[in-house]
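Asker: All residue numbers for the sequence shown refer to the UniProt record's numbering, where the first residue is 1 and numbers rise by one.
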Amino acid sequence: MEILVIGGGAAGMSAASWARRRAPDARITVLERTNIISHAPCGVPYYIGGLFKDYWLLQAYDVKFFRERRNIEVITNAEAEELDVKSRVAVARMGGQRVKLEFDRLVIATGARPRRLNNVDDAKVIYVHHPADAETARRAAEAAREVTVVGGGVLGVEMAEQLRNMGKVIHLVHRGPYLMSRDLDEELGSGLTEMARRAGVDLRLGVTVAEASGDRVRLSDGSELRSDLVVAAVGVEPDVDLVRGQLRLGPHGAIAVDDRLQATYDYAFAAGDAMEHRNMVTGQPDWRPLAPIANKSGLVAGVNAAGGDKRFPGVLGDIVTRFEGVAFGRVGLNEAEARRANIRYVTSIITTRSRARYYPGGGDVTVKLLAEESSGVIIGGQVAGPEEVIGRLGVIAAAIMKRMTAEELFFVEIGYHPSSGRAWDPVVLAARQLMRI
């Protein structure tokens, strides 16, 4: 059996590895268009900011590991230029030559690509996404004095923090009313926004970039910024040109898949940022280009490409960022998403200390929960604080997946020690507010 995986990022290498475990005798080939595989795009802002110096730390495992330890043929700098899914043939450019590859099973893991800015001189823009571009972006950032970051989502916030740590003058342009406005509700998002202001970031909210050339950036409200460099952080889109017209795409523009991550043909599968699946709360198609989803969907696609029968449950969109030592995250639906899904909901929000009052350190933590009004089932949560944010989001995510009510969440026994928590955990306190007593 010949299994071809196109894309050597998190989803592709997870798929290849789990296909090997399921099918020890299969021939597995991975094509990766860049020089780096099994990579960590989430680390790129921190490499640019100088948090670590070794570029190759952005790669979890190298080609030698996969070839020698897992018997997987990984070919880097290999661009899949043509793909005929129906005929089961691909043509890749390798070292200046075009090579034909035939396959029995196919996994598409081509990922996502940055959205481009309009009316902007590309010579002064860096698109921060793939580790292969990280070194060029780092050099450009080091040479600049004033930088305009376009986009106030996770990437924009992280780039603003890192560039500020480099001593740059930072302008951040965001079309929303507060930072991370697509993910966080106003109570938490406004807190992040004020933190950025206090840190010296020049925020331009409710506007977009109309034009950028030379050392000037003109905004949609007519104002101008001096800028040596523009950092584009306006989101990503599915990179699916290779299969357009061959595999069915969903409403978000990614490959539509079933619960086995099968795509149109029974021998074709898709994983990671290239595919869209079902939101676990709404049941509607959803696209969440996130690393944990890439890893887990890669497992499912790989096992099934090798003849297994794993099922993917859907997505929740667990998103976390950190600014100046405080983490902000959400999982499930926020209020805007609940309204769009026509879900009647109730909310609770609490702010309390992250540790026992007598134990040094810690700080304030805020937890917000959303629940269905009629049933009390938890449908979303947001957390902000200096510690244990990811763990608390994990508790909320499990509650959403299992359709737990606020009362059931209240009675979950969450681990406690005064150094990192409270006997009354903030998640428990937020759930208590929603209980019907």
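Using N, Cα and C, we set each Cβ at its ideal position, and we do this for glycine too.
Between Gly-214 and Val-120, what straight-line distance do the alpha-carbon atoms span, to the nearest angstrom?
Answerer: Within the sequence shown, residue 214 is the residue found at index 214, counting from 1. Within the sequence shown, residue 120 is the residue found at index 120, counting from 1. Looking at the two C-alpha atoms, the distance is approximately 10 Å.
Asker: Should Val-91 and Glu-82 be called a contact, given that it needs their Cβ atoms to be closer than 8 Å?
Answerer: For the purposes of this step, residue 91 is taken as residue 91 along the sequence shown, with counting starting at 1. For the purposes of this step, residue 82 is taken as residue 82 along the sequence shown, with counting starting at 1. Their beta carbons are under 8 Å apart, which means Val-91 touches Glu-82 by this criterion.
Asker: Using a 10 Å radius around the Cβ and a threshold of 16 neighbouring Cβ atoms, would you call Gln-59 buried or exposed?
Answerer: By 1-based counting over the sequence shown, the position of residue 59 is 59. Gln-59 should be labelled buried.
Asker: Measure the CB-CB distance between Leu-242 and Ser-297 and report whether it falls below 8 Å.
Answerer: Within the sequence shown, residue 242 is the residue found at index 242, counting from 1. Within the sequence shown, residue 297 is the residue found at index 297, counting from 1. For Leu-242 and Ser-297, no; Cβs fall outside 8 Å.
Asker: Mark Tyr-358 as exposed unless 16 or more other C-beta atoms lie within 10 angstroms of its C-beta, in which case mark it buried.
Answerer: Position 358 of the sequence shown, counted from the first residue, corresponds to residue 358. Per the 10 Å Cβ criterion, exposed.
Asker: If the criterion is Cβ atoms closer than 8 Å, does the pair Ala-430 and Leu-369 meet it?
Answerer: The residue you call residue 430 lines up with position 430 of the sequence shown. The residue you call residue 369 lines up with position 369 of the sequence shown. Yes, they are a contact pair.
Asker: Use the C-beta contact count for Asp-122: other C-beta atoms within 10 angstroms, 16 or more gives buried, fewer gives exposed.
Answerer: Position 122 of the sequence shown, counted from the first residue, corresponds to residue 122. Classification of Asp-122: exposed, given that the 10 Å Cβ count is below 16.
Asker: Could you pull the start and end residues of the alpha helix (DSSP H) that residue 439 belongs to?
Answerer: Because the chain is modelled from 1 through 437, residue 439 falls outside the range shown and cannot be assessed.
Asker: Under a Cβ-count criterion, where at least 16 other Cβ atoms within 10 Å of its own Cβ denotes burial, should Lys-168 be classed as buried or exposed?
Answerer: The sequence position of residue 168 within the sequence shown is 168, counting from 1. Counting Cβ neighbours within 10 Å, Lys-168 comes out buried, since at least 16 surround it.
Asker: Do you know how far the Cα of Arg-226 is from the Cα of Arg-432?
Answerer: Taking the sequence shown and counting its residues from 1, one reaches residue 432 at position 432. Taking the sequence shown and counting its residues from 1, one reaches residue 226 at position 226. Approximately 50 Å between the Cα atoms of the pair.
Asker: Do Ala-160 and Val-201 have their C-beta atoms closer together than 8 Å?
Answerer: Numbered from its first residue, the sequence shown carries residue 160 at position 160. Numbered from its first residue, the sequence shown carries residue 201 at position 201. Yes; because the gap between Cβ atoms is below 8 Å, this pair is in contact.
Asker: Could you pull the start and end residues of the alpha helix (DSSP H) that Gly-12 belongs to?
Answerer: Mapped onto the sequence shown, residue 12 falls at position 12. Run containing Gly-12: 10-22, per the alpha helix (DSSP H) assignment.
Asker: So, are the CB atoms of Tyr-55 and Ala-134 less than 8 Å apart?
Answerer: Translated into the one-based positions of the sequence shown, residue 55 becomes position 55. Translated into the one-based positions of the sequence shown, residue 134 becomes position 134. Yes, they are a contact pair.
Asker: Please classify Phe-323 as buried or exposed, where buried requires at least 16 other C-beta atoms within 10 Å of its C-beta.
Answerer: Working through the sequence shown from its first residue, we reach residue 323 at position 323. Classification of Phe-323: buried, given that the 10 Å Cβ count is 16 or more.
Asker: Less than 8 Å between the C-beta atoms of Met-404 and Val-377, yes or no?
Answerer: As a first step, residue 404 is located in the sequence shown; it is residue number 404 there, counting from the start. As a first step, residue 377 is located in the sequence shown; it is residue number 377 there, counting from the start. Going by C-beta atoms, Met-404 is nearer than 8 Å to Val-377.
Asker: Can you give, in chain order, each stretch of the beta strand (DSSP E) that sits fully within the stretch 140-228 and has at least 3 residues?
Answerer: With a minimum length of 3 residues, the continuous beta strand (DSSP E) runs that stay inside the stretch 140-228 are 146-150, 169-174, 202-205, 209-213, 216-219, 224-226.
Asker: Measure the alpha-carbon distance for Gly-8 versus Ser-38 and round it to whole angstroms.
Answerer: Here residue 8 corresponds to residue number 8 of the sequence shown, with the count starting at 1. Here residue 38 corresponds to residue number 38 of the sequence shown, with the count starting at 1. Going by the C-alpha atoms only, they are around 6 Å apart.
Asker: Is it buried or exposed for Gly-307, if we count other Cβ within 10 angstroms and need 16 for buried?
Answerer: As a working mapping, residue 307 is identified with position 307 in the sequence shown. Exposed, by the Cβ-count rule.
Asker: Quick one: residues in its chain with C-beta nearer than 7 Å to the C-beta of Ala-80, no 5 flanking neighbours on either side, listed in chain order?
Answerer: Within the sequence shown, residue 80 is the residue found at index 80, counting from 1. Same-chain partners within the cutoff: Ile-6, Leu-31, Ala-90, Ala-92, Leu-242.
Asker: To which residues of the same chain is Asn-165 closer than 7 Å at the C-beta, ignoring the five residues directly before and after it?
Answerer: Against the sequence shown, residue 165 aligns to sequence position 165. Within the same chain, Asn-165 has close Cβ partners Gly-49.
Asker: Measuring CB to CB, does Ala-384 end up less than 8 Å from Tyr-345?
Answerer: Residue 384 sits at position 384 when you count from the first residue of the sequence shown. Residue 345 sits at position 345 when you count from the first residue of the sequence shown. No. Outside cutoff.
Asker: Going residue by residue through the stretch 89-127, where are the continuous alpha helix (DSSP H) segments of at least 4 residues, counting only ones entirely within it?
Answerer: Complete alpha helix (DSSP H) runs here, min 4: none at all.
Asker: Which of the three DSSP states, helix, strand or coil, is assigned to Ile-293?
Answerer: Numbered from 1 along the sequence shown, position 293 holds the residue referred to as residue 293. Here Ile-293 sits in helix by DSSP.
Asker: Once you ignore the five residues that flank Pro-177 on each side, which residues in its own chain have a CB closer than 7 Å to its CB?
Answerer: Stepping through the sequence shown from its first residue, residue 177 is reached at position 177. Here the set comprises Leu-205, Gly-206.
Asker: Mind checking Ile-390: buried by the 16 CB within 10 Å criterion, or exposed?
Answerer: Position 390 of the sequence shown holds residue 390. Ile-390 is exposed by the Cβ-count criterion.
Asker: Is Pro-251 helix, strand or coil when you go by DSSP?
Answerer: Numbered from 1 along the sequence shown, position 251 holds the residue referred to as residue 251. In the structure shown, Pro-251 sits in coil (DSSP, three-state: anything other than H, G, I, E or B).
Asker: By how many angstroms is the C-alpha of Arg-139 removed from the C-alpha of Leu-192?
Answerer: Start at 1 with the first residue of the sequence shown, and residue 192 comes out as number 192. Start at 1 with the first residue of the sequence shown, and residue 139 comes out as number 139. Straight-line Cα distance between these residues: approximately 28 Å.
Asker: What are the boundary residues of the beta strand (DSSP E) that Ile-350 is part of?
Answerer: Here the question's residue 350 lines up with position 350 in the sequence shown. Residues 345-353.
Asker: Note down the Cα distance separating Gly-381 from Val-209, rounded to an integer number of angstroms.
Answerer: Residue numbering aside, residue 381 sits at position 381 when the sequence shown is read from its first letter. Residue numbering aside, residue 209 sits at position 209 when the sequence shown is read from its first letter. The straight-line gap from Cα to Cα measures roughly 32 Å.
Asker: According to the Cβ coordinates, are Gly-250 and Glu-237 closer than 8 Å?
Answerer: Along the sequence shown, read from residue 1 onward, the residue named residue 250 stands at position 250. Along the sequence shown, read from residue 1 onward, the residue named residue 237 stands at position 237. It is not a contact, given that the beta carbons lie outside the stated cut-off.
Asker: Taking 6 Å as the limit between beta carbons, can you name the residues of its chain near Ala-341, skipping five residues before and five after?
Answerer: By one-based count along the sequence shown, residue 341 stands at place 341. Hits under 6 Å: Thr-282.
Asker: Helix, strand or coil for residue 486, going by three-state DSSP, please let me know.
Answerer: Outside the displayed range of the chain (1 to 437) lies residue 486, so it cannot be described from this structure.
Asker: Work out the CA separation of Pro-313 and Glu-373 for me, nearest whole Å.
Answerer: Reading the sequence shown from its first residue, position 373 is the one you call residue 373. Reading the sequence shown from its first residue, position 313 is the one you call residue 313. When rounded, the distance between both Cα atoms is 24 Å.
Asker: Give the secondary structure of Tyr-61 by DSSP, where H, G and I count as helix, E and B as strand, and everything else as coil.
Answerer: Along the sequence shown, read from residue 1 onward, the residue named residue 61 stands at position 61. Residue state, collapsed to three classes: coil.
Asker: Give a yes or no on whether the C-beta atoms belonging to Ala-356 and Arg-422 are separated by under 8 Å.
Answerer: The count along the sequence shown starts at 1 and reaches residue 356 at position 356. The count along the sequence shown starts at 1 and reaches residue 422 at position 422. Against a cut-off of 8 Å, the Cβ pair of Arg-422 and Ala-356 comes out as a contact.
Asker: Closer than 8 Å by C-beta to Glu-211: which residues in its own chain qualify, once you throw out the five before and the five after it? Chain order, please.
Answerer: As a first step, residue 211 is located in the sequence shown; it is residue number 211 there, counting from the start. Closer than 8 Å at the Cβ level, and outside the excluded window around Glu-211, lie Asn-119, Val-120, Val-217, Arg-218.
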